[in-house]
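The opening residue of the sequence shown carries number 439 in our numbering; numbering runs sequentially from there. Every residue gets a Cβ at the ideal spot worked out from N, C-alpha and C, and that includes glycine.
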Amino acid sequence: MADLDLGPLDQALLSAHQPALAAALVHITGDPNWLRDEWKPAYVPLSRGDTGVPEEEQAKFRAEAKEALTRFFEGGRVMAPQPSPELLRKMMSFVAGADIPDGYGDFLSDELALGGTSKDPHWETPDLKAAARKMHVLVIGAGMSGLLTGIRLSQAGVDFEIVDKNDDVGGTWYENTYPGCRVDSSNHIYSYSFEPNHHWPQHFSTQPVLLEYFRGVAERYDLRKKIRFSTSVEEMVWDENRALWKVTLKTPDGAAQVVEANSVITAVGQLNRPRLPEIKGRDRFKGPAFHSAQWRHDIDLTGKRVAVIGTGASAFQFVPEIAGKVASLTVFQRTPPWGFPVPHYHEDVPDGFNWLMEHVPFFDKWYRFWNFWMVTDGLLPMVTADPGWNGPPTGVSQVNQEFRDMIAMAFAAQAPERPDLVEKVIPTYPVGGKRSLLDNGVWLAALQRPNVQLVTDAVTEITETGLVTADGKTHEVDVIIYGTGFYASRFLYPMKIRGRGGKDIHDAWAGDPRAYLGMTTPGYPNLFMIYGPNTNIVVNGSIIFFSECSVRYIVGCLQLLAETGAASMEPKKEIHDAFNIKVDEGNKLMAWGAPQVTSWYKNEAGRVTQNWPFALVDYWRATLAPNPSDFVLTKEAEPVA
Ligand code: NAP
439 MADLDLGPLD QALLSAHQPA LAAALVHITG DPNWLRDEWK PAYVPLSRGD TGVPEEEQAK
499 FRAEAKEALT RFFEGGRVMA PQPSPELLRK MMSFVAGADI PDGYGDFLSD ELALGGTSKD
559 PHWETPDLKA AARKMHVLVI GAGMSGLLTG IRLSQAGVDF EIVDKNDDVG GTWYENTYPG
619 CRVDSSNHIY SYSFEPNHHW PQHFSTQPVL LEYFRGVAER YDLRKKIRFS TSVEEMVWDE
679 NRALWKVTLK TPDGAAQVVE ANSVITAVGQ LNRPRLPEIK GRDRFKGPAF HSAQWRHDID
739 LTGKRVAVIG TGASAFQFVP EIAGKVASLT VFQRTPPWGF PVPHYHEDVP DGFNWLMEHV
799 PFFDKWYRFW NFWMVTDGLL PMVTADPGWN GPPTGVSQVN QEFRDMIAMA FAAQAPERPD
859 LVEKVIPTYP VGGKRSLLDN GVWLAALQRP NVQLVTDAVT EITETGLVTA DGKTHEVDVI
919 IYGTGFYASR FLYPMKIRGR GGKDIHDAWA GDPRAYLGMT TPGYPNLFMI YGPNTNIVVN
979 GSIIFFSECS VRYIVGCLQL LAETGAASME PKKEIHDAFN IKVDEGNKLM AWGAPQVTSW
1039 YKNEAGRVTQ NWPFALVDYW RATLAPNPSD FVLTKEAEPV A
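So, in C-alpha cells, the structure goes:
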C-alpha cells in the first residue's frame, strides 16, 4: 500500500514535463533506459517545452512511469544509488535536448543542487567561527537579495542586521502593486535554488504570490527579528582609523541614529526609485497622477479618461488590465517594446503538475534545470552582434535579424486589420536592445480596443486638464499614470557613501558607475554591492541566480577577511579597471550596446553601465570565491592615540 493517495497520478503524468520526469526516474530506479532515444526531446524555441516526441511514445512513457512510480510509492520509497557523474551529464543533455557544452557541467550541477543546497557557506573551523562572531555586517534592503544575504550570513554565523526603508520585506514585490504585476521569468527559476516552491499557481505568478513567497522565506529563516523596518540609510562614512563604516540611519520616528559595521552589503535593487519624466507643466495637472510603482488603489479608474505615459515592462502589464474599465485610455509611446511570444504567460500550472513537484523526488530539480537551461545562455547568440554585419539597423547579426523578423510577424499576426497600429508597435531597434517582454496577445488586444488610442507623438506639455503632444493636439484626461521607469543608473542613490578620503561614491563615479564583478570598487573598503553596476541581465535568466552568485562571493570575501585577519579589503585598481575594459568590450558586442539603441542601460556618455555582457556561466565561475590577489587587504589600523 502506498502511503500516498496515487489518485492524482494519471492526471499528473499527463501534465508532466516528460524529460524532467525521465531524469527523476533515473534517480529513483537507477535505470538509464529512461533516457532512450525515442523519448529524447527536440524543443521548439520559446515553447513551453513541447518535446516533439510522438504521442504514442509519450503514452508508452506515461505507462512505464506510472508502473515505476506506483512501485516506488508502494514499496517504501526506496531510492536507487545515485547516478554517477557520467550518467548525470547524460541526464543533463537529455533534459536539455542538446549536448551540454564543455565548461557547463559543473555550473549546471551547482545550479541543480542535487544534494539540497550548493551555495551555502561552511564556516566550520573554530577560528572561523570565532572570527564570524566578531564581525558585524549591515545589510541594506530586505527584498529578494537582502533576505538571501541574511540567510547566508546566519548560516556562516556572522552577526548582522538588515535595514529596509519599507515596513515589510519583499522589496520590488512589496512596492509594485499595479494591476497585472507579475514575474516575467518562470517562477520555477525565479525562486531561490534552495527554497523550491511546489505550489506556484502559475508559471509566471502574480505579485501577491511572489510577496507571499518572500514573506514565507523570511518566516522560515526567522529573519524578521534581524530587520529594522521603516529605516533608511542616509549616509555612510568610512572611518579610516577604525576600519569600519559609520552609518547614519533615519529611524521610523524620523530621528537620526549612527550605527557601526565592519562591512556593509547593499541589496537595494536597481529599480525602485521612480522616475517621472521631465515634461513642462507636469505639476500643473489637477487630477490624480501617479507612478506605476506607487499605484493609487484609492483612485477608481472606472469610467475615467486615463493617460498612460510609457510602454515599458510595467505598462505592458497594467494597460491590458485597466483598458476594459476606463472610459478612454490614451497610451503615449516613445519607443515600443519587443515581446517574445509566450502564449502560456498567464496560464495556471496544469492540474497534477504540482503533485509531481511535491511528491516525485528530483522532478522539481530537473524541471528547474530545464527552465534554467532554456532561458539562459542558449539565448545569447540571438542577441550577439556580428562586427561584420552590414544589414539594416533593425538587427545586429543575421540570426538577430531573423529572430526579429519572427517576432515582428508574431506581432503583425495579432492585428491583421490594423496595419497602422502594427507599424507603430514594431520596434526599429534590434531585439535584445532593451528588455524583451513576454507577449501572450493581451497587449495588442488592449491597444485594439475602441476606447484605446496609441499616440506616438511626444508629450510636450502637461496642462491642468490634459497633455499636449508635438503635433499640437491636446488630450484631455482625468488621470495620468506614469509607467516611466526608474532611476536605475543612479546606483545606490540617494545614499551618501563617503569612502577613503571622504569622497562620495557618486562623485567618484561621476555618472559612470563601475565595480569589480559588480560588487566592489576601489576606495570603498568593505562595501559590497548586490545587483551593482553591470550585473543586470537582458534576455538570459533570472536575477535570483545573479544574487545567489554575488552573495556566495561576498560571504567568501568576509571569509577572506576572517582568515587573513585583515580589517578591510577593496579591489586593486588595475584589476577593477581591466575588468571594466573587458565588460565594455563585451557590451559593445551585444544588441543592447549597439549604437542605434538608446535605453536606461546606457549612461549619458553611451556606456552600458547596467548589463552583464557575458554568459551566466562566466559570472558563476568568476564569483565562486574571491581571488585574494585581486584585493588590497589592509591589516587592522592602529588605534587613534
Ligand atoms: P521601463 O521599462 O524603463 O519603461 C519606461 C517607459 O517609459 C519606456 O517606454 C520609456 O520610453 C517611457 N518613457 C520614459 N520617459 C518618457 C517620456 N518623457 N515620454 C514618453 N515616454 C517616456 O520602466 P518599467 O516599465 O517600470 O520597467 C523597468 C524595469 O523593471 C524593466 O526593464 C524590468 O527590468 C523591470 N520590470 C520587470 C517586471 C517583471 O518582471 N514582471 C515588470 C515591470 C518592470 P523609452 O523606451 O523611449 O525610454
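Measuring only from the beta carbon, is residue i closer than 7 Å to any heavy atom that is part of the ligand NAP?
i                 : result
phenylalanine 924 : yes
threonine 749     : yes
glycine 921       : yes
valine 621        : yes
alanine 753       : yes
leucine 709       : yes
threonine 773     : yes
aspartate 715     : The sequence as given places proline at residue 715; aspartate does not occur at that position. Answer for proline 715: yes, Cβ within range of the ligand NAP.
tryptophan 1038   : yes
alanine 730       : Residue identity differs from the one stated: residue 730 is serine in this sequence, not alanine. Yes, since a heavy atom of the ligand NAP falls inside the 7 Å radius drawn around the Cβ of serine 730.
valine 897        : yes
arginine 1059     : no
arginine 873      : yes
phenylalanine 770 : yes
What do you get for residue i, buried or exposed, if any count of 16 or more other CB atoms within 10 angstroms of its CB means buried?
i              : result
methionine 582 : buried
histidine 455  : buried
lysine 872     : buried
serine 1067    : exposed
glycine 949    : exposed
glycine 609    : buried
glycine 904    : buried
aspartate 945  : exposed
threonine 1061 : buried
arginine 952   : buried
alanine 884    : buried
glutamine 1034 : exposed
lysine 663     : exposed
isoleucine 900 : buried
serine 522     : exposed
threonine 1096 : What is shown of the chain runs 439 to 1079, which leaves residue 1096 out entirely.
histidine 626  : buried
glutamine 1048 : buried
lysine 557     : buried
In this structure, does DSSP put residue i in helix, strand or coil?
i                 : result
alanine 384       : Shown here, the chain extends from 439 to 1079; a query on residue 384 therefore has no answer.
threonine 973     : coil
tryptophan 683    : strand
alanine 699       : strand
glutamine 708     : coil
threonine 480     : Checking the displayed sequence, the identity of residue 480 turns out to be alanine instead of threonine. Note: alanine 480 maps to coil in three-state DSSP.
alanine 1079      : Here the model assigns alanine 1079 a pLDDT of 41, short of 50, so the residue's position is not dependable, and the following value carries that caveat. Of the three classes helix, strand and coil, the one that applies to alanine 1079 here is coil, per DSSP.
alanine 765       : coil
aspartate 605     : coil
phenylalanine 983 : helix
glutamate 914     : strand
isoleucine 627    : coil
serine 670        : strand
phenylalanine 770 : strand
serine 927        : coil
histidine 784     : coil
Can you list, in chain order, the residues of its chain whose CB lies under 6 Å from that of residue i, leaving out five sequence neighbours each side?
i              : result
valine 764     : Leu739, Lys742 and Val744
serine 592     : none
glutamate 1076 : The predicted model places glutamate 1076 with a pLDDT of 44, which falls under 50 and marks its position as unreliable, so this point remains unresolved.
aspartate 677  : Lys684
glycine 584    : Val577, Ile600 and Ala705
aspartate 802  : Pro634 and Met795
alanine 753    : Val746 and Gly921
Might you give, ordered along the chain, the residues of its own chain that have their beta carbon closer than 8 Å to the beta carbon of residue i, omitting 5 neighbours on each side?
i             : result
leucine 433   : Past the boundaries of the shown model lies residue 433; the chain is included only from 439 to 1079, so the question cannot be answered.
threonine 379 : Outside the displayed span of the chain (439 to 1079) sits residue 379, for which this structure offers no information.
Residues in its own chain within less than 7 Å of residue i by CB, not counting five upstream and five downstream?
i             : result
alanine 1079  : Model confidence at alanine 1079 stands at a pLDDT of 41, short of 50, so the residue's coordinates are unreliable; what they give is reported in the following sentence. Here the set comprises nothing.
glutamine 732 : Pro712
glutamine 449 : Asp789 and Gly790
valine 596    : Ala570, Met573, Val575 and Leu996
glutamate 759 : Pro617 and Gly618
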